[in-house]
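Residue numbers for the sequence shown follow our numbering, beginning at 567 and rising by one.
Glycine included, each C-beta is placed from N, C-alpha and C at the ideal position.
All values derive from a computational prediction rather than experimental measurement.
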Amino acid sequence: MTEYAAMPVFPEHTHFLVTGGAGFIGSNICESLLKMGYRVRCLDDLSTGKTENLESFSGCDRFEFIKGDIRDFDTCMRAAEGVDYVLHHAA
Ligand SMILES: NC(=O)c1ccc[n+]([C@@H]2O[C@H](COP(=O)([O-])OP(=O)(O)OC[C@H]3O[C@@H](n4cnc5c(N)ncnc54)[C@H](O)[C@@H]3O)[C@@H](O)[C@H]2O)c1
Numbered sequence: 567m568t569e570y571a572a573m574p575v576f577p578e579h580t581h582f583l584v585t586g587g588a589g590f591i592g593s594n595i596c597e598s599l600l601k602m603g604y605r606v607r608c609l610d611d612l613s614t615g616k617t618e619n620l621e622s623f624s625g626c627d628r629f630e631f632i633k634g635d636i637r638d639f640d641t642c643m644r645a646a647e648g649v650d651y652v653l654h655h656a657a
């Protein structure tokens with residue numbers, strides 16, 4: 567995966583949670599954020615999403631995957647812990 571310098575919009579270690587990150591849109595967002603140098607946590611229940619969508623960056627040490635349902639409060643609390651922004655694409 568090509569690494570790009572972090573965009574100046576967010577501090578270098580900004581941490582994003584992408585819900586639905588194994589889906590079409592979410593996985594592209596995850597990949598773009600990782601290419602920009604940010605940390606990314608993905609929350610997805612894999613109901614329509616695919617782990618294949620994560621393959622190109624799942625080995626990145628700034629990426630973390632949580633399999634879970636956004637309708638579960640405790641799962642959301644765990645997924646959101648320590649993150650700066652939530653990008654919601656689970657649907
Ligand atoms: N693809 C498009 O062109 C497009 C255009 C406009 C709007 N949208 C909307 O954007 C959203 C995402 O679209 P997409 O094409 O990436 O769909 P997608 O099905 O590929 O991705 C949705 C992801 O959400 C996950 N998900 C669903 N329910 C979940 C739950 N309860 N908990 C955790 N994860 C859950 C699925 O497993 C999947 O990975 C949808 O709301 C869609 O209607 C998509």
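Handout entry: Alpha-carbon to alpha-carbon, D610 and I636
Key = Cα to Cα, I636 sits roughly 8 Å from D610.
Problem - Nearest residue (CA-CA) to G634, options C626, G625 and R644 - result: The residue with the shortest Cα to Cα distance from G634 is R644.
Handout entry: Residue burial classification, T585 (beta-carbon count within 10 angstroms, cutoff 16)
Key = So T585 ends up on the buried side.
Exercise for the section: Could you name the residues that DSSP lists as bridge partners for F629? Expected result: According to the DSSP secondary-structure assignment, F629 is paired through a beta bridge with V606.
Practice task
Note down, in chain order, each residue of its chain lying with its Cβ closer than 6 Å to the Cβ of G592, except the 5 sequence neighbours on either side.
Solution key: If we look at G592 and ignore the five residues flanking it on each side, its Cβ neighbours are V584, G586 and H655.
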